[in-house]
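One line per chain: the protein sequences are A and B, in this order. Heads up, the first sequence is in our numbering, so the first residue is 1 and it goes up one at a time. Heads up, the second sequence is in our numbering, so the first residue is 1001 and it goes up one at a time.
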Amino acid sequence: MSLLKVENIHKRFGDLEVLKGVSFEVEKGETKVIIGPSGTGKSTLLHCINQLTTPDDGRIFLDGVEVTGQHTNINKLRAQMGFVFQDFNLFAHLTAMENVRLGPVKVKKMPKKEATKLAIEVLGKVGLGDKANAYPAQLSGGQQQRVSIARALAMSPKLILFDEPTSALDPELIGDVLEVMIELAKEGMTMLVVSHEMGFARSVADEIIFMEHGVIVEQGPPEKLFTAPEHKRTGEFLHKITELYGETN
Amino acid sequence: MDSGGGTFVFTRKGEAIDTVSVLWKSLPMLLRAVLINIELCLALLALGLIVGTIVALLQVYGNRTLRTLSFGYEWIFRSIPALVLLILFYFGSSQFGLEISSFVAATLALGFRSSAYQSQIFRGAIQSLPRGQMTAARSIGLSQFQAVTSIILPQAFRLAIPAWSNEFSSVVKDTTLAYAVGLNEILRHARYIIVQHYKLAMPTYLTVALIFLVLTYAGNGCLGLLEMGTRIPGLEGYKKSGAGRR
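Spelled out as structure tokens, the structure:
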């Protein structure tokens, strides 16, 4: 059984149908990267997966439990799915440590002392052990994004959703964030990543999903998509994006 | 009215009353009376803070019905003059067989009124927070209530302090309106002095004015300290907003 199963998801905003029936699965320990032009519904899809946006139709299962079910305890399920945002969204009034500790204390009811220890440990893991007492505004973009990854990790999630985690970063700060993500992938964390980092996609992803106009055009292992895509459009997009963003990470 | 270097007032019979000495003797009474104003101010601000926060949250996060109701509430209490509200609460309550003291009536009338103004201060602060704060809170599994209490309000309250100081300055002065419903507050005591020494009206009212100058200064000073004490790097960067007033 796959860890995440997305079945025929539809989402419409007014007249615009953003998702027109998207289905795919993510196995435990897998890293899947979703690519595609802006406005294709990639972010909406991630938001639908943990119900930050409610899909109009379709079903989503996390580890066999239906996320889209009417009687689902969505808070409990969200706690099992980390979400890393493009613009970090760290809680501005809390220090890095408090940002990471909040979820375990409030959602998992972990004793504060234990959660503090965990938070410091997880911050160390993303290379920010010395920034535990800094407020978000005192951190660089790359550091903020690593705190945000730590915040997701502290919940021991089954899966982490990354919504363009490096798009808002200065080029020289991207590397640190990607490094953390590569490390996580190596450790077997299940990750679903919307990204334009082709280098990351090519070297880390088990599979790449190419989306356009609200549907999945093609999905497959990176090498296949890069070297022998089935659809002409996939090849064109990959070529263009690689030219634009490069492949280094 | 004033002769002899500003310290003596002559009555019709030609008796000189030492203005300073009368006022000096009356000062403890005035200061005791102003404690009632301070108590009323604290009580109405507390009521306004609680109800205003709830109204603001309903306006931002409530469903259509709750939003309509909360905007209606705010509209009513911002539209009716404070004095009219005081009279309605004090004399109106007895019409319904409710015997409430003038202090309670004043607290309710001015407190609900303040809650309408405070709701706009808090709504402005809540809406000035980036939407991502709520989204991120929900994404880690916090309920909406937890997200509001742990993430939204702690930030919104900090941002609201400057506008809230303004509200404090307004309501501390409004407490003198409770004179109209018979509360034994400072203005009423000032009247007692003036009834005995009617020529001292101006100096007495000036003393009252001076006491309020000090009160407003001290109150705003405390709120300034609170703002400094709760300041967090980066948080003051959001757009500050709040409802203007009178």
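Glycine included, each C-beta is placed from N, C-alpha and C at the ideal position.
If distances are taken between C-alpha atoms only, which option among the options comes closest to residue i?
i                 : options                                    : result
Thr227 (chain A)  : A:Lys76, A:Leu153, A:Arg202, A:Phe85       : A:Arg202
Gly142 (chain A)  : A:Thr242, A:Val180, A:Leu161, A:Pro157     : A:Val180
Asp206 (chain A)  : A:Asp15, A:Thr68, A:Lys32, A:Pro104        : A:Lys32
Leu1215 (chain B) : B:Gly1048, B:Ile1036, B:Ser1102, B:Arg1123 : B:Ile1036
Gly175 (chain A)  : A:Pro37, A:Ile120, A:Gly127, A:Gly220      : A:Gly127
Val1148 (chain B) : B:Ala1033, B:Leu1225, B:Ala1046, B:Thr1053 : B:Thr1053
Gly1219 (chain B) : B:Tyr1061, B:Val1172, B:Ile1140            : B:Val1172
Gly36 (chain A)   : A:Ala92, A:Val215, A:Phe162, A:Glu121      : A:Val215
Leu1023 (chain B) : B:Cys1222, B:Gln1120, B:Val1208            : B:Val1208
Ser1170 (chain B) : B:Leu1045, B:Glu1039, B:Phe1089, B:Glu1236 : B:Leu1045
Phe91 (chain A)   : B:Val1020, B:Ser1139, B:Val1060, B:Ile1186 : B:Ser1139
Leu1142 (chain B) : A:Pro171, A:Leu139, A:Gln138, A:Pro104     : A:Pro104
Ala1156 (chain B) : B:Val1034, B:Thr1135, B:Ile1121            : B:Ile1121
Ser156 (chain A)  : A:Ala115, A:Gln144, A:Val177, A:Ser167     : A:Ala115
Thr44 (chain A)   : A:Gly124, A:His213, A:Pro222               : A:His213
Leu1213 (chain B) : B:Phe1168, B:Glu1039, B:Arg1231, B:Val1051 : B:Phe1168
Leu1047 (chain B) : B:Gly1097, B:Ala1116, B:Gly1224, B:Trp1075 : B:Ala1116
Ser1021 (chain B) : B:Gly1221, B:Pro1233, B:Gly1234, B:Leu1200 : B:Leu1200
Glu27 (chain A)   : A:Leu16, A:Gly41, A:Thr40, A:Val6          : A:Val6
Leu16 (chain A)   : A:Val217, A:Gly39, A:Phe61                 : A:Gly39
Lys106 (chain A)  : B:Gly1234, B:Gly1124, B:Thr1135, B:Phe1145 : B:Phe1145
Phe162 (chain A)  : A:Lys108, A:Val177, A:Gly129               : A:Val177
Gln1118 (chain B) : B:Gly1229, B:Glu1074, B:Gly1092, B:Pro1154 : B:Glu1074
Ser140 (chain A)  : A:Gly41, A:Asn75, A:Ala96, A:Leu192        : A:Ala96
Ala1043 (chain B) : B:Val1055, B:Arg1131, B:Ala1105            : B:Ala1105
Pro1081 (chain B) : B:Pro1130, B:His1189, B:Ser1114, B:Arg1067 : B:Ser1114
Any idea if residue i is buried or exposed, counting beta-carbon neighbours within 10 angstroms, 16 or more meaning buried?
i                 : result
Met211 (chain A)  : buried
Gly1014 (chain B) : Reliability fails at Gly1014 (chain B), whose pLDDT of 48 lies under 50, so the model's placement of it is uncertain and the value that follows must be treated cautiously. Under this definition Gly1014 (chain B) is an exposed residue.
Asn249 (chain A)  : Confidence at Asn249 (chain A) is low in this model, with a pLDDT of 44, below 50, so the placement of that residue is unreliable and no value is reported for it.
Gly1005 (chain B) : Note that Gly1005 (chain B) scores 42 on pLDDT, short of 50, meaning its location in the model is unreliable; the coordinates nonetheless yield the value given after this. Answer is exposed; the Cβ neighbour count stays below 16.
Gln1095 (chain B) : exposed
Lys1239 (chain B) : At Lys1239 (chain B), the pLDDT of 44 sits below 50, so the modelled position is not reliable and the matter cannot be decided from this model.
Leu3 (chain A)    : buried
Gln1133 (chain B) : buried
Gly1244 (chain B) : Reliability of the predicted coordinates at Gly1244 (chain B) is poor, the pLDDT of 39 falling under 50, and the value obtained from them is presented with this limitation in mind. It is exposed - the Cβ of Gly1244 (chain B) has fewer than 16 other Cβ atoms within 10 Å.
Leu1206 (chain B) : exposed
Asn89 (chain A)   : buried
Leu19 (chain A)   : buried
Ser1165 (chain B) : buried
Thr234 (chain A)  : buried
Thr1175 (chain B) : buried
Tyr1217 (chain B) : exposed
Pro1203 (chain B) : buried
Leu1183 (chain B) : buried
Arg1123 (chain B) : buried
Cys1222 (chain B) : exposed
Arg101 (chain A)  : buried
Kindly indicate the opening and closing residues of the beta strand (DSSP E) around residue i.
i                 : result
His10 (chain A)   : 4-13
Met256 (chain A)  : In this structure chain A extends from 1 to 249, so residue 256 (chain A) is not present and cannot be described.
Leu161 (chain A)  : 159-163
Lys32 (chain A)   : 31-35
Phe237 (chain A)  : Looking at the DSSP string, Phe237 (chain A) is not in any beta strand (DSSP E); the run it does join, the alpha helix (DSSP H), is 232-245.
Glu218 (chain A)  : 215-220
Val177 (chain A)  : Looking at the DSSP string, Val177 (chain A) is not in any beta strand (DSSP E); the run it does join, the alpha helix (DSSP H), is 171-186.
Gln139 (chain A)  : The amino acid at residue 139 (chain A) is misidentified as Gln; the sequence shows Leu. No beta strand (DSSP E) holds Leu139 (chain A); DSSP gives it neither H nor E.
Glu1074 (chain B) : Segment 1064-1079 is the alpha helix (DSSP H) holding Glu1074 (chain B); no beta strand (DSSP E) there.
Gly1327 (chain B) : This structure cannot settle anything about residue 1327 (chain B), because the visible part of chain B is limited to 1001 through 1246.
Identify the continuous alpha helix (DSSP H) that holds residue i and give its terminal residues.
i                 : result
Leu1035 (chain B) : 1019-1061
Val100 (chain A)  : 96-106
Leu19 (chain A)   : Premise fails: Leu19 (chain A) lies in the beta strand (DSSP E), 16-26, not in any alpha helix (DSSP H).
Glu1236 (chain B) : That residue, Glu1236 (chain B), is in no alpha helix (DSSP H); it is neither H nor E in DSSP.
Asp1174 (chain B) : 1153-1174
Is the number of C-beta pairs between the stretch 71-84 of chain A and the stretch 147-158 of chain A that are closer than 8 Å three or more? The stretch 71-84 of chain A makes contact with the stretch 147-158 of chain A; the number of CB pairs closer than 8 Å reaches 3 or more.
Interface residues of the stretch 1046-1061 of chain B facing chain A [CB-CB below 9 Å]: none
Proximal residues, the stretch 159-180 of chain A versus chain B, C-beta separation under 8 Å: If you check each beta-carbon in the stretch 159-180 of chain A against every beta-carbon of chain B, none falls closer than 8 Å.
Interface residues of the stretch 222-246 of chain A facing chain B [CB-CB below 9 Å]: Hits within the stretch: zero.
Taking 8 Å as the threshold, find out whether the stretch 71-79 of chain A comes into contact with the stretch 1027-1036 of chain B through three or more Cβ pairs. no
Is the number of C-beta pairs between the stretch 1159-1169 of chain B and the stretch 227-240 of chain A that are closer than 8 Å three or more? no
Would the stretch 181-189 of chain A and the stretch 8-15 of chain A be scored as touching if the rule is three or more Cβ pairs under 8 Å? no
The stretch 1131-1143 of chain B: positions lying closer than 8 Å to chain A by Cβ: For the stretch 1131-1143 of chain B, the residues whose beta carbon sits under 8 Å from a beta carbon of chain A are, in order, Gly1132, Gln1133, Thr1135, Ala1136, Ala1137, Arg1138, Ser1139, Ile1140, Gly1141, Leu1142, Ser1143.
Short of 7 Å Cβ to Cβ, which residues in the stretch 78-104 of chain A face chain B? Arg78, Ala79, Phe83, Phe85, Asp87, Asn89, Phe91, Ala92, His93, Leu102, Gly103
Check whether the stretch 46-59 of chain A and the stretch 129-148 of chain A are in contact - that is, three or more C-beta pairs closer than 8 Å. At 8 Å Cβ cutoff, the stretches do not touch.
In the stretch 26-60 of chain A, which residues sit with their C-beta less than 8 Å from some C-beta in chain B, listed in chain order? Hits within the stretch, in order: Asn50, Leu52.
Is the stretch 1078-1086 of chain B in contact with the stretch 1106-1117 of chain B, if contact means three or more CB pairs nearer than 8 Å? Inter-segment contact for the stretch 1078-1086 of chain B and the stretch 1106-1117 of chain B is present: three or more beta-carbon pairs are separated by less than 8 Å.
Quick one, which residues of the stretch 1148-1182 of chain B are near chain A if we go by CB-CB under 8 Å, in chain order? The residues in question are Ser1150, Ile1151, Pro1154, Gln1155, Arg1158.
Please name the residues in the stretch 112-143 of chain A whose beta-carbon is closer than 9 Å to at least one beta-carbon of chain B, in chain order. The stretch 112-143 of chain A vs chain B, Cβ under 9 Å: Ala134, Tyr135, Pro136, Ala137, Gln138.
Taking a Cβ distance cut-off of 9 Å, strictly less, list which residues of the stretch 62-76 of chain A are near chain B, in chain order. Ile74, Asn75, Lys76
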